[in-house]
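Just add 461 to the spot in the sequence shown (first one is 1) and you have our numbering.
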Amino acid sequence: MAEQTGVKNHPFEGVPKWRQTFLRIADENFCCRYYPKRWLLAALCHIGFAISFGIRCNFGAAKIVLFGNFTGSGENDLAHLHAHGSAIALLESSFFYGCCISVLPAGILAAKYSSVRLLGFGVGLLAALNLFLPWAFRFGLVAPVLIQFVQGIAQGLLYPCMLGIWSVWAPISEKTKLATTSVTGNYVGVFVGIPLSALLVSHFGWSAPFYVYGSCGLIWYVFWSLLAVSKPSEHPTLCDKEKELILRGRQSSNCTNTLFKMRKVPWRAILSSPPVWALIVATFSRCWIMYTLINDQLSFMSDTLGFTMDASAILASIPHALMSITVIASGQVADCLRNKHKLATTTVRKISHCTGISLEATFLFICAFVRDKTLAVTSLILARACSGLAVSGSNVNHLDLTQRYASILTGICQTFGYFAGILTPLVTENVLAATGIDGWKIAFSLAAVIQLISVLIYGVFASGEIQSWG
């Protein structure tokens with residue numbers, strides 16, 4: 462990270478003078494001065510993703526009060542709300558309907574315009590709307606459904622824009638590490654969001670997590686707007702050494718966010734590519750289990766295993782804590798295998814995804830059928846920890862297949878991922894309503910089968926090479 466001490470003398474454009482002044486002042490701060498700007502950007506991305514996924518945990522905790530029998534400290538003044546499984550599933554899935562609508566256009570917009578500005582707008586809108594959700598519940602279920610739908614539209618911007626940022630800011634040798642550092646915010650967000658939301662609900666009332674996370678998101682947006690710059694060429698305090706490292710080995714215009722006409726996007730080639738469909742299946746399978754746990758893990762811990770709310774909150778966070786560690790470690794190992802041990806990128810991606818997902822499916826099967834609650838919790842923890850190994854495979858594979866169209870490819874894949882987010886609450890809530898707590902056997906077994914199908918398809922058709930259309 463020593464490259465940040467180089468001379469800063471390259472021109473910049475597109476940054477207002479007041480922001481240039483702020484960036485120079487910020488550069489005198491220790492962390493901003495001595496750490497490379499791309500890693501500061503990764504840290505901000507990480508925090509933004511953590512907040513956005515923490516927001517997804519708020520309703521999972523609040524619904525236990527809103528629609529259940531839990532009584533804790535704080536308010537529970539919405540006795541007029543009565544919802545069966547299908548209505549609760551609609552509340553949860555409405556968010557993902559919004560995601561499905563926006564994620565592909567987000568990929569297109571990120572390829573044409575500033576991914577940095579779009580990502581900031583997405584998190585800021587998501588957080589602002591979160592502040593209105595407690596108010597919306599006072600008028601029934603329609604208003605919360607609409608707000609969560611718009612939140613989903615905002616959320617759909619994030620992942621394509623994140624990869625759009627690294628298609629511009631990441632050196633070739635660091636793209637896995639930077640992308641996994643950013644996306645680890647998802648798992649840190651769930652790790653913190655599940656217990657924090659539960660504890661806030663338990664001690665301050667069901668609306669508390671919405672206000673806390675909404676406020677944190679707006680604070681993050683202020684810092685992002687001030688510190689995040691769209692391109693290396695526009696950063697007034699980026700040193701020449703870091704700029705050279707970022708641009709080294711890139712294919713001139715194909716690796717930047719240059720404007721292009723939509724008619725030039727090779728849609729047919731993209732959608733007929735076997736590696737793309739392998740990536741789509743991998744994304745769908747990973748999102749299926751992730752959103753199942755975000756929505757219902759607290760319910761599983763409390764209703765099926767019999768833990769208290771506070772104990773459920775702590776136990777439910779452990780799998781995501783370990784996953785955060787394995788995600789970061791897997792990114793470092795993947796780049797080491799590629800750069801030092803000269804393994805082909807295709808081989809590294811397949812090993813990462815197939816190993817992690819196969820182990821996750823195995824532990825999900827165990828969790829589905831064991832009776833001992835200690836073994837059930839242990840199996841769930843190990844399942845999610847192993848899943849983190851796959852992030853350095855399928856989660857960053859978009860940047861291998863294409864750099865110019867990475868954000869568009871991400872939008873395509875995440876559309877299917879968010880479709881899984883629509884289906885999981887519908888399937889889980891209706892299965893549980895029909896079969897009771899035994900429905901968790903079906904839910905976890907189905908998730909494991911979907912994971913194994915993705916292992917087979919990804920292992921055969923995935924690629925780590927730039928495609929002819931990319």
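Even glycine gets a Cβ: it sits at the ideal position worked out from N, Cα and C.
Contact set for residue i: own chain, Cβ-Cβ below 7 angstroms, skip 5 residues either direction
i, result
"Leu850", "Thr787, Ser791, Ser813, Thr816, Gly817"
"Lys902", "Ala829, Phe830"
"Leu594", "Pro605, Ile608, Phe671"
"Ala743", "His814, Ser855, Ser915, Tyr919"
"Cys518", "Val651, Gly654, Ile655, Ser658, Ile755"
"Ser686", "Gly581"
Backbone CA spacing between residue i and residue j [nearest angstrom]
i, j, result
"Leu502", "Phe684", "11 angstroms"
"Ala844", "Val653", "18 angstroms"
"Ala689", "Thr896", "50 angstroms"
"Leu804", "Ala572", "30 angstroms"
"Ser534", "Val584", "Any answer about Ser534 is weak, because its pLDDT of 45 lies below 50 and its placement is not dependable; what the coordinates show is given next. Cα to Cα, the separation comes out at about 30 angstroms."
"Thr871", "Ile486", "35 angstroms"
"Ile827", "Pro477", "56 angstroms"
"Lys811", "Asn856", "12 angstroms"
"Gly920", "Val809", "11 angstroms"
"Phe600", "Trp500", "44 angstroms"
"Ser733", "Ile883", "25 angstroms"
"Asn530", "Thr807", "At Asn530, the pLDDT of 47 sits below 50, so the modelled position is not reliable; the number obtained from the coordinates is stated separately. C-alpha separation (whole angstroms): 50 angstroms."
"Glu821", "Val838", "13 angstroms"
"Ile775", "Thr753", "18 angstroms"
"Tyr682", "Ala782", "25 angstroms"
"Asn715", "Leu527", "With a pLDDT of 44 at Asn715, under the threshold of 50, the modelled position of this residue cannot be trusted, and the question is left open."
"Ser713", "Phe557", "Residue confidence for Ser713 is low, a pLDDT of 42 falling below 50, so the modelled location carries little weight and cannot support an answer."
"Phe483", "Asp701", "20 angstroms"
"Ile731", "Lys834", "46 angstroms"
"Leu565", "Gln875", "8 angstroms"
"Leu708", "Gly900", "52 angstroms"
"Phe610", "Pro621", "19 angstroms"
"Ala909", "Ser746", "9 angstroms"
"Phe582", "Phe520", "22 angstroms"
"Leu907", "Leu913", "10 angstroms"
"Tyr802", "Gln793", "Before going on, a small fix: residue 802 reads as His here, not Tyr. Straight-line Cα distance between these residues: approximately 13 angstroms."
"Glu926", "Leu860", "9 angstroms"
Whether residue i touches residue j by CB criterion (7 angstroms)
i, j, result
"Trp630", "Ala640", "no"
"Ala659", "Ala522", "yes"
"Cys560", "Gly617", "yes"
"Ile417", "Gly678", "Residue numbering for the chain in the displayed model covers 462 to 931; residue 417 lies beyond these limits and cannot be assessed."
"Gln612", "Leu592", "no"
"Ala669", "Leu661", "yes"
"Leu759", "Ala777", "yes"
"Phe877", "Ile755", "no"
"Ser943", "Asn800", "Any answer about residue 943 is impossible in this case: the structure gives the chain only from 462 up to 931."
"Ser924", "Pro736", "yes"
"Gln481", "Pro697", "yes"
"Lys498", "Leu798", "no"
"Ser563", "Ile614", "yes"
Supposed contact pair residue j and residue i - C-beta distance, whole angstroms, cut 8 angstroms
i, j, result
"Arg865", "Gly931", "7 angstroms"
"Val644", "Ser785", "Going by Cβ atoms, the distance from Val644 to Ser785 rounds to 10 angstroms, so no, they are not a contact pair."
"Ala567", "Leu551", "That pair is no contact at about 24 angstroms."
"Ala739", "Phe922", "4 angstroms"
"Leu691", "Ser575", "For the sequence presented, residue 691 should be read as Ser rather than Leu. Yes, they are in contact, since the Cβ atoms of Ser691 and Ser575 sit about 4 angstroms apart, within 8 angstroms."
"Trp873", "Trp749", "The amino acid at residue 873 is misidentified as Trp; the sequence shows Ile. Not really, about 17 angstroms apart at Cβ, beyond 8 angstroms."
Contacting residues, own chain, Cβ-Cβ under 8 angstroms from residue i (five flanking each side not counted)
i, result
"Phe824", "Ser840, Leu841, Leu843, Ala844, Cys847"
"Cys506", "Leu580, Met623, Ile626, Thr642, Ser643, Gly646"
"Val673", "Leu657, Leu661"
"Ala435", "Residue 435 lies beyond the range of the chain shown here (462 to 931); nothing can be said about it."
"Ile898", "Asp764, Thr765"
Cutoff 6 angstroms; reference residue i; Cβ partners in own chain excluding five residues on either side
i, result
"Asp757", "Thr889"
"Ala588", "Gly675, Gly678, Leu679"
"Met770", "Ala659, Ser663"
"Asp796", "Thr637, Lys638"
"Pro886", "Ala550, Glu553, Ser554, Asn756"
"Ser819", "Val916"
Distance cut-off 6 angstroms: residue i Cβ against heavy atoms of the ligand FMN
i, result
"Gly613", "As for the ligand FMN, it is missing from this structure, which has no ligand bound."
Within-7 angstroms CB hit, residue i to chain B
i, result
"Met784", "Here chain B cannot be found, since the structure has a single protein chain."
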